[in-house]
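Quick note on our numbering: the first sequence kicks off at 1393 and runs consecutively.
Here a beta-carbon is modelled for each residue, glycine too, at the ideal position from N, C-alpha and C.
Values in this document were obtained by computation on a predicted structure and should not be read as measured data.
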Amino acid sequence: MNYWLLKSEPSVFSIDALAAAPRKTTHWEGVRNFQVRNMLRDDFKKGDLGFFYHSSCAEPGIAGIVEVVRTGYPDASAWDSRSEYYDAKSTENKPLWYCVDVKLVRRTKQIITLDMLRMHAETQLKSMLLLRRGNRLSVTPVDESHWKFVLSLE
DNA sequence: GCCAACGTTGGC
DNA sequence: GCCAACGTTGGC
1393 MNYWLLKSEP
1403 SVFSIDALAA
1413 APRKTTHWEG
1423 VRNFQVRNML
1433 RDDFKKGDLG
1443 FFYHSSCAEP
1453 GIAGIVEVVR
1463 TGYPDASAWD
1473 SRSEYYDAKS
1483 TENKPLWYCV
1493 DVKLVRRTKQ
1503 IITLDMLRMH
1513 AETQLKSMLL
1523 LRRGNRLSVT
1533 PVDESHWKFV
1543 LSLE
């Protein structure tokens, strides 16, 4: 079983929006980066857990925990010409982009902020991809040791 | 296959 | 709004 960190801008899709969604589940759609696509398509397994991370906002940090409930399948938003995620290079016969479904397990007791994580960037969270300079991937794998340590910060 | 230009991410 | 970082594109 794998652990992940999924970034979302709360102004676009927040933990509140996920909590309010039917079955507290959402399509993790709109990924248009090949590295991330490959992870969604090939590496996400049912039952994997992920941190739901708020990015590009006043208080960046981990807001909740999600579970993978459906593994990679073609992202239909790519062939919807009305979608902001439309991509003419992807078709139903030859899908280019993939998504997964995730379900909210629970909110964290408070936002585990980027600042809190950074305090351990040279010790327990050394090599955590989120904290690596220049990292911009919207989905990153999380080591089990990092996962457990982050939760101990709650 | 190289690499400059361009676009995007995301913290600040 | 700035800008560092880096992925993508496209001419050659």
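Would you tell me roughly how many angstroms separate the C-alpha atoms of residue i and residue j, rounded to the nearest one?
| i | j | result |
| --- | --- | --- |
| Glu1401 | Asn1485 | 31 Å |
| Ser1530 | Val1428 | 7 Å |
| Ser1448 | Met1508 | 17 Å |
| Lys1501 | His1419 | 24 Å |
| Ile1454 | Lys1481 | 33 Å |
| Gly1464 | Val1494 | 11 Å |
| Ser1469 | Val1404 | 15 Å |
| Ala1513 | Asp1472 | 41 Å |
| Leu1521 | Arg1528 | 9 Å |
| Arg1510 | Phe1436 | 26 Å |
| Val1492 | Arg1498 | 18 Å |
| Val1423 | Asn1430 | 10 Å |
| His1538 | Leu1517 | 6 Å |
| Ser1544 | Ala1413 | 28 Å |
| Glu1536 | Ser1519 | 12 Å |
| Asp1467 | Val1542 | 31 Å |
| Leu1397 | Lys1416 | 18 Å |
| Thr1483 | Lys1540 | 40 Å |
| Glu1476 | Gly1526 | 26 Å |
| Met1393 | Thr1532 | 15 Å |
Within the continuous beta strand (DSSP E) that includes residue i, where are the two ends?
| i | result |
| --- | --- |
| Arg1462 | Gly1453 to Pro1466 |
| Thr1418 | Thr1417 to His1419 |
Since I believe residue j is in contact with residue i (beta carbons under 8 Å), could you give me their beta-carbon distance rounded to a whole number of angstroms?
| i | j | result |
| --- | --- | --- |
| Arg1433 | Tyr1490 | 4 Å |
| Lys1438 | Val1461 | 7 Å |
| Gly1442 | Tyr1395 | 7 Å |
| Phe1444 | Leu1488 | Going by Cβ atoms, the distance from Phe1444 to Leu1488 rounds to 25 Å, so no, they are not a contact pair. |
| Thr1505 | Glu1546 | In fact, because the Cβ distance is near 12 Å, the residues do not count as touching under 8 Å. |
What are the residues that DSSP puts in a beta bridge with residue i?
| i | result |
| --- | --- |
| Trp1396 | Gly1442 and Pro1533 |
| Thr1500 | None; Thr1500 has no bridge partner. |
| Thr1505 | Gly1453 |
| Val1494 | Thr1418 and Val1460 |
Would you kindly report the start and end of the unbroken alpha helix (DSSP H) that includes residue i?
| i | result |
| --- | --- |
| Val1428 | Phe1426 to Asn1430 |
| Leu1410 | Ile1407 to Ala1412 |
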